[in-house]
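Chemist:
Chains as they are written, first to last, in UniProt numbering: chain H, 31 to 521; chain P, 31 to 521; chain Z, 1 to 446; chain V, 1 to 446.
1. Please decide whether residue 95(P) counts as near chain H, where near means a Cβ-Cβ distance under 8 angstroms.
2. At the 8 angstroms Cβ level, is residue 457(V) part of the contact set with chain Z, yes or no?
3. Could you please give the first and the last residue of the uninterrupted alpha helix (DSSP H) stretch that includes residue 93(P)?
4. For residue 308(Z) and chain V, any beta-carbon pair shorter than 8 angstroms?
5. Taking 8 angstroms as the threshold, find out whether the segment 344-361 of chain H comes into contact with the segment 263-276 of chain V through three or more Cβ pairs.
6. What residues of chain Z sit near residue 42(P), judged by a beta carbon separation below 9 angstroms?
7. Buried or exposed: residue 43(V), going by 16 or more other Cβ atoms within 10 Å of its Cβ?
8. Return the Cβ separation of residue 426(P) and residue 410(P) in integer angstroms, given the expectation that the two are a contact with Cβ distance under 8 angstroms.
9. Near residue 429(H), which residues of its chain fall below 7 angstroms by C-beta distance, leaving aside the five closest residues on each side in sequence?
10. Would you verify that the beta carbon of residue 432(Z) is, or is not, closer than 8 angstroms to some beta carbon of chain P?
11. Pick from 369(H), 395(H), 321(H) and 422(H): whose alpha carbon is nearest that of residue 522(H)?
12. Mind listing, in chain order, the continuous beta strand (DSSP E) runs of no fewer than 3 residues lying wholly within the segment 197-284 of chain V?
13. So for residue 267(P), helix, strand or coil by DSSP?
14. Can you name the residues of chain V whose CB is closer than 8 angstroms to the CB of residue 460(H)?
15. Could you confirm whether any beta carbon from chain Z is found closer than 8 angstroms to the beta carbon of residue 82(V)?
16. Give the interface partners of residue 75(V) over in chain H, defined as CB-CB distance under 9 angstroms, in chain order.
17. With DSSP collapsed to three states, give me the class of residue 300(H).
18. Is there a Cβ from chain H that is less than 8 angstroms from the Cβ of residue 45(Z)?
19. Would you mind reading off the limits of the alpha helix (DSSP H) that contains residue 362(P)?
20. Please list, in chain order, the residues of the segment 102-113 of chain H that have any C-beta partner in chain Z closer than 9 angstroms.
21. Please look up how many angstroms separate the CB atoms of residue 349(Z) and residue 49(P), rounded, as I've assumed it's under 8 angstroms.
22. Do you know how far the Cα of residue 264(H) is from the Cα of residue 231(H)?
23. Relative to the C-alpha of residue 124(Z), which candidate in 429(Z), 65(Z), 115(Z) and 252(Z) has its C-alpha closest?
24. Whether or not the segment 262-276 of chain H and the segment 127-146 of chain H are in contact is what I'm after, with contact meaning three or more pairs of Cβ atoms, one per stretch, closer than 8 angstroms; do they touch?
25. Output needed for residue 469(H): all residues of its chain with C-beta closer than 7 angstroms, excluding positions within five of it in sequence on either side, in chain order.
26. May I have the straight-line CA-CA distance separating residue 119(H) from residue 161(V), to the nearest angstrom?
27. Consider the Cβ of residue 1(Z): report whether some Cβ of chain H lies at a distance smaller than 8 angstroms.
28. Is residue 104(P) near residue 97(Z), with beta carbons less than 8 angstroms apart?
29. To which residues of the same chain is residue 252(H) closer than 7 angstroms at the C-beta, ignoring the five residues directly before and after it?
30. So which residues on chain V does residue 47(P) lean against when the C-beta distance must stay under 9 angstroms?
31. What residues of chain Z sit near residue 50(H), judged by a beta carbon separation below 7 angstroms?
32. If you run the structure through DSSP and keep just helix, strand and coil, what is residue 188(H)?
33. Go ahead and label residue 447(V) buried or exposed: buried means 16 or more other beta carbons lie within 10 angstroms of its beta carbon, across all protein chains shown.
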């Protein structure tokens, strides 16, 4: 069923809410009141419901099947979390109401902070970052602030980032005024420690390393890296996007890192929601803790208090957002943690790693593992097995759609040609993984047996065939316009 | 995506709930404790979620499009109603907790009863019937009880029921120990008043007439029928399934009826839920009010009390269910009523009737209206326009599925050959009706132009092709069984 | 108004197509003096306003979750996983109709098939239907079914049958001239109806655990009933007990009816609930209610349909097995989702926890002076005799925010022997503090 | 454990396929002494237990709906239709990822396109992105965007800018060596920053209604900024005001950022919220955040994709316009669903009701001795000067169950001139009784 744009189906004079008649009070807006209502359609409730229900049915979701996007960690989103987040005592409280009336909320933030510190082995955590990339920014800002405090901000400007890093890492470093120096990967998919050693110097502010990294591998030299960068006077930022592989199994704080963000929507199951909202609390070492941004919660004789004023935290590097962070996500994450407990969090990491290795082992029969040996939470393949078939990584991925699966992450990490990065997470049953593997093995055989056309023309069973992204970018149409305006704009 | 039966995918030793370890208390069940757990699979939460989400996607629903089942009244189900019904003060109260602790619940029942009495113009209402058919039973039991009280139960045993009635009417009459005498329809789709007059006599307990009737027509002689049956010493049961067509526009109590059930899930928007739960409060005239079943709510000096004891209501004909009725549905219905108000309820009836007449007018271009003139809330067609095309009503209906619509009611009422009964309700927009009518007109043209095969092979785009109902009935398989048991059963 | 998509322009355009100048012309068959009555009803209101009024009503009730809570007798406070409520609210389940078009209703039909399998397994029977309104109406329908199977017109109810269930049987069966005999209620659990069974008996109706909480052995009664050609209708009001007790089917029942509320469904002040109805295969054509069956489609793929509808009113009309034309759709879905999560193992553990909690509660109450426990064998509910009117005690404890149970006077208003009885249920949601609060409360008010 | 589908048999079978005898062999790259640390954390728990603990925390907070409630300053208590929350909880929206595979993500993509259209229309701008974390981060990103557009490094903030928004700009811009100037906060609404604009200014950041509730005329400032080659960044923290006020676009703004929480989203103690970000068409390649655009598929059918990703970090890496790689997905969906229900007409009426309620509230408070209203023009929020420290007054009223507003000391902790100010917001949920309670409460504690 096709769904019209709401601007094409809705009544611009209509509304789907019933509001009382205004009393007719004289306006106190002077000449700043608009003469007319905004020109947007209002749908009656039955129409609106159908519009969005039908739209939703054009989406794939983790509740429908495996969503093996490597590095994106699509795990089950428990509905208990949704229920708890909607309790009025959490959902219906204002960020600036008197602190005496939100003691439970402050306690919750403190509790969640406690779990995060215990799981990471770090002494401090900044709770306000609104997403993973915002958490990265928080960590790098703390490093910048520490360098300013040391008087070395002008001289230490270089940040080392592996080639395999998420794009956010270099973007974040630049947004903090650093320059980025790329670290090459070794042939086993990890940071090349020799190259790393050579890159160190007086101008190095720090390193940004993802661990487990985006090849799905644990950086086995991580302690050495930490020692080296510390000796060189720099700091160690660890990208925590893949913390779900090791939560409960090893504490980053025991490995020498100085800062790491935690994606509550990855490791701790808060919903991705088609792109957000995320939440990226950032743990900090003793060295960086004083620079944590405002606000933060302190406990004083059983009462909880928000420190919002720079006069109480002189070293704080500032403020990252208007309020205190993604409370709605905190509630969900803590609910997840209490449900799993320390034992369950570790077990989830183990299952996630076992599931990934099972996929790696089974798919290796027809596909090309990028590296030898076991992986952590995600299995990385190159397109070597497609060589000469005329089928590209993207074609292979689109063919998966016709089999009823969401494709894996493609062409990332950049260090592997035609990369296919598969992360099943702990939420998949063996039965689900077997179906998935059977299907991919069959596809690989099809590709090798010359059925390229099937792949090139995929997807055929999705709500849309392949979409023309080039046209979208070359001539951007970013909004609906009335026909007249659209015609004019086209000229 | 196919969905396995949960017995084929689930782990019989697994569970998707976490419960504390039992303490090991000695059982006080003696030898009546079972040795083993029931042999049913338990799915982990992510598996269960997927199982049911995928299953749901094989359903059509009013939230996806028009659901024009005549006489079934599929209107929009407001989500406010669902929200309110889940307030702990309604959802989490026990039917037998002290009445002092459920005053709000009793007040709600009294309020809803008040609305129903005002809308129907009737002095009493029995709230406990659990569905429409249960409400019919309530009404007919009240008639039976009145006859018993008059000492005429033995002699007055015949109930007159039009041929066009819902099957529940005769079934209900029989369940009350009456015999059923069929009333023929006149050529204009209404009760044949002359035939009716002839059928009356000393042995008549009453009549059961649906109004508006199942041909979508208002029984214009209804007052005369009421007078006649009363003169003959019988009672008038009115089937209220179609009350949605007239709610707020005319009060059955003003027309002389003695009893009528109200489908809260039709007229007052509580969800059908794939088959229930319904709710069928039954309004009663002065003559029948004393026989209303237990329990009922009375107000005494601002306090509300449930009368549950026959000693307080000696004429009450008994009890229809363990507790007080479908409270969850009462909450939704009252929420709907407060939202619409008296004005909105009448407006909804008007829009429903206008929508049906619009469909009748537009479709008459290619299809065959069963009767001349306007209709009420549903438009009835016969299969005359399909004569000679090789396409039957069922083929036409199945072809609608491929156009993205739910079919109308077919082969009912029985008085019209190849009946197609279309009820759009007030929830459809003009845009939606136009799409629907355009599509049906095109189908009718296709049928007439000899494309019978398209119809015979429909549906092709549904989760299943046509299902073999004969096989299902001839050799009933009503449950999953382990393979061995299934094989044995097949022998 | 937010629920009505037509605007004035639409209405005008449509009136023109229809050929009327005012909508009331479409109501011309209505007697003119009856059209458009003046109604004493408030006008339409926005969501905020409606929600406030409903909240005000809700706030006048004491929610079970906000109190130490011990009421049972056919409705039980259990924890329902959040997943259950999420799934039943999906548009595709919530806003679908009865699956009359099976090709686009496989979601509903498959879960009904799964539900029927679960119910048959739990009850120990061969087949089950797609659900009834609730346990009490299922029970009355079972008596009517026994009449159809046996051709006899006498029902015998055990003394432990919930008196409201017995009342529903009376109302339904006596209407058609049948006889309904009830054994006296025996709170101590010792009475038996074996002597009341004769060759005119269509069925005996026996509840276990009974309304006093006693767990009854059905096997001997089944044998006795069968000797006389009567059926045994077993009644269960606490579906969680299926996790731990020998199934009625294993004890020889011919029909099993149960209230399924405990699994997946909220208390809802008594409804909607979900009646479970299971029977022997040989009797299926006498069963009331909907049945979902397996079949194949035109391509040979497995699918499900409503079946054996020749039993039903919309085909058979006055020859139908009953007038029932719905099942308890969403409530049966809630049951089957919760049951799919629990599995047999989870249900058993849940049942054990219920039993243990009830044992702890009984022990705590038996330590209260003046309280006498009447049950030897019980599952999660038992009866105590108090030294004074239990209704007064319950009221006094309600004022302290404790719902102590169901007093005998509530179920048997005119039986002085029952007045001092209190029926107490405990489940997995009952905490040790709740038990302490009840025991201390009883001490204080006795 | 309920969230983990593998059972021990599965794990054993899988270990065998993988070729390990214990799962810890897969963690062999972890330094052995760091593996499996002893964690001081409780073990896993069932739903009932977890829900109870969370409920206990929730019950320690005073929900806005349970009190006369007047706090605003960037977050507002509004009524959200039940439909909105229902839709955002649908699995297909809730549990989807960023729409990287557009063929199976048209649901998300189309609503983003609709969202962008709504935001552009409301702000009076040509284009909008798919949302930012919240209003304050959108504001800081706007300053960075102005830097990219103008190549200048000086930001000028008006005195009416929410101090937390100003702080976020400081933190982000000063980190890269830019200058951020702030005009003094002027509670009386008379200050202007016109004199602070010069040829080195990249942008001026002006909020209206400002943090004190004053509705500001942006036109003259826009002209002045443009004369100097600077951009006007308009900031709106109360999105409902778009229904009644002249749009920032119509007043000459170059970038408009807003907090969208008021439409469709709950208070959530400050997050998640949804930042709105709109700009002129000519600047789109400098915009941060995701953009959804229209295109066609291989069959020529209209469809939607994420586009202009060459601006973004996953392509451009260190050359990206920002490091942002999410939008505020579900919150933007909530916004767009609520907005689709409201329509322009509904939003206008909602805005009028807000304004009228605020006017009534102001009138009631101005009748309280010692209370001075500082606003001439305001929308749904205004500032009063009290004769004593407002934080103490707020605390005293909180003890009476009234949330009177935001005291100046909360936002400007070290500015004695602000201490006696109270910022009061009223919306459509504010009742006459609420207003009376506030006025009487103030009388009592002043």
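Every residue gets a Cβ at the ideal spot worked out from N, C-alpha and C, and that includes glycine.
Modeler: The answer reads as follows:
1. Position 65 of the second chain, counted from the start, is the residue given in the question as residue 95(P). Using a Cβ-Cβ cut-off of 8 angstroms, residue 95(P) counts as an interface residue toward chain H, since at least one Cβ of chain H sits closer than that to its own.
2. Here chain V covers residues 1 to 446 and nothing more, so residue 457(V) does not appear.
3. Position 63 of the second chain, counted from the first residue, corresponds to residue 93(P). Per DSSP, residue 93(P) lies in no alpha helix (DSSP H) segment and is marked neither H nor E.
4. For the purposes of this step, residue 308(Z) is taken as the residue at position 308 of the third chain. Not flagged as an interface residue toward chain V: residue 308(Z), since no C-beta distance is shorter than 8 angstroms.
5. Taking 8 angstroms as the limit for Cβ pairs, the verdict is that the segment 263-276 of chain V does touch the segment 344-361 of chain H.
6. Within the second chain, numbered from 1, the residue matching residue 42(P) stands at position 12. In chain order: 343, 344 and 345.
7. Residue numbering aside, residue 43(V) sits at position 43 when the fourth chain is read from its first letter. Classification of residue 43(V): exposed, given that the 10 Å Cβ count is below 16.
8. Your numbering for residue 426(P) matches position 396 in the second chain. Your numbering for residue 410(P) matches position 380 in the second chain. At roughly 14 angstroms, the Cβ-Cβ gap does not stay under 8 angstroms, so residue 426(P) and residue 410(P) are not in contact.
9. Your numbering for residue 429(H) matches position 399 in the first chain. Apart from sequence neighbours up to five positions away, the residues of its chain that approach residue 429(H) with a beta-carbon distance below 7 angstroms are 473, 484, 485 and 488, ordered along the chain.
10. Position 432 of the third chain, counting from 1, holds the residue named residue 432(Z). The beta-carbon of residue 432(Z) is placed no less than 8 angstroms from the nearest beta-carbon of chain P.
11. The requested residue 522(H) is not part of the displayed model; chain H covers only 31 to 521.
12. For the segment 197-284 of chain V, the continuous beta strand (DSSP E) assignments of 3+ residues that do not extend past its boundaries occur at 201-207, 231-236, 255-259 and 275-279, in sequence order.
13. Residue numbering aside, residue 267(P) sits at position 237 when the second chain is read from its first letter. Note: residue 267(P) maps to strand in three-state DSSP.
14. Taking the first residue of the first chain as 1, we reach residue 460(H) at position 430. Correct list: 5, 6, 10, 13 and 14.
15. Walking along the fourth chain from the start, residue 82(V) turns up at place 82. Using a CB distance cut-off of 8 angstroms, residue 82(V) counts as an interface residue toward chain Z.
16. Sequence index remark: in the fourth chain, residue 75(V) carries index 75 (1-based). Ordered by position in chain H, the residues that pass the 9 angstroms Cβ test against residue 75(V) are 124, 125, 126, 352 and 353.
17. To locate residue 300(H), count along the first chain from 1; it is residue 270. Residue 300(H): coil per DSSP, three-state reduction.
18. Numbered from its first residue, the third chain carries residue 45(Z) at position 45. Interface residue, yes.
19. As a working note, residue 362(P) is residue 332 in the second chain. Unbroken alpha helix (DSSP H) run through residue 362(P): 357-393.
20. Listed by position along the chain: 108, 109, 110, 111, 112 and 113.
21. Along the third chain, one-based indexing puts residue 349(Z) at 349. Along the second chain, one-based indexing puts residue 49(P) at 19. Sure, about 5 angstroms apart at Cβ, within 8 angstroms.
22. Counting from one through the first chain, the residue named residue 231(H) turns up at place 201. Counting from one through the first chain, the residue named residue 264(H) turns up at place 234. About 9 angstroms.
23. Within the third chain, numbered from 1, the residue matching residue 124(Z) stands at position 124. Of the residues 429(Z), 65(Z), 115(Z) and 252(Z), the one whose Cα lies closest to the Cα of residue 124(Z) is 252(Z).
24. The segment 127-146 of chain H is not in contact with the segment 262-276 of chain H.
25. By 1-based counting over the first chain, the position of residue 469(H) is 439. The beta carbon of residue 469(H) sits closer than 7 angstroms to the beta carbons of 433 and 435 from its chain, once the five residues preceding and following it are set aside; these are given in chain order.
26. Counting from one through the first chain, the residue named residue 119(H) turns up at place 89. Counting from one through the fourth chain, the residue named residue 161(V) turns up at place 161. Answer to the nearest angstrom: the Cα atoms are 29 angstroms apart.
27. For this step, residue 1(Z) is matched to residue 1 along the third chain. It does; some Cβ of chain H falls within 8 angstroms.
28. Taking the second chain and counting its residues from 1, one reaches residue 104(P) at position 74. Taking the third chain and counting its residues from 1, one reaches residue 97(Z) at position 97. Closer than 8 angstroms, so yes.
29. Numbered from its first residue, the first chain carries residue 252(H) at position 222. Excluding residues within five positions, the ones whose Cβ falls inside 7 angstroms are 241 and 285.
30. Along the second chain, read from residue 1 onward, the residue named residue 47(P) stands at position 17. Result: 2, 46 and 47.
31. Walking along the first chain from the start, residue 50(H) turns up at place 20. Neighbourhood of residue 50(H) in chain Z, by CB distance below 7 angstroms: 46, in chain order.
32. One-based indexing of the first chain puts residue 188(H) at position 158. Correct three-state label for residue 188(H): strand.
33. Because chain V spans 1 through 446 in this model, residue 447(V) falls outside it and cannot be assessed.
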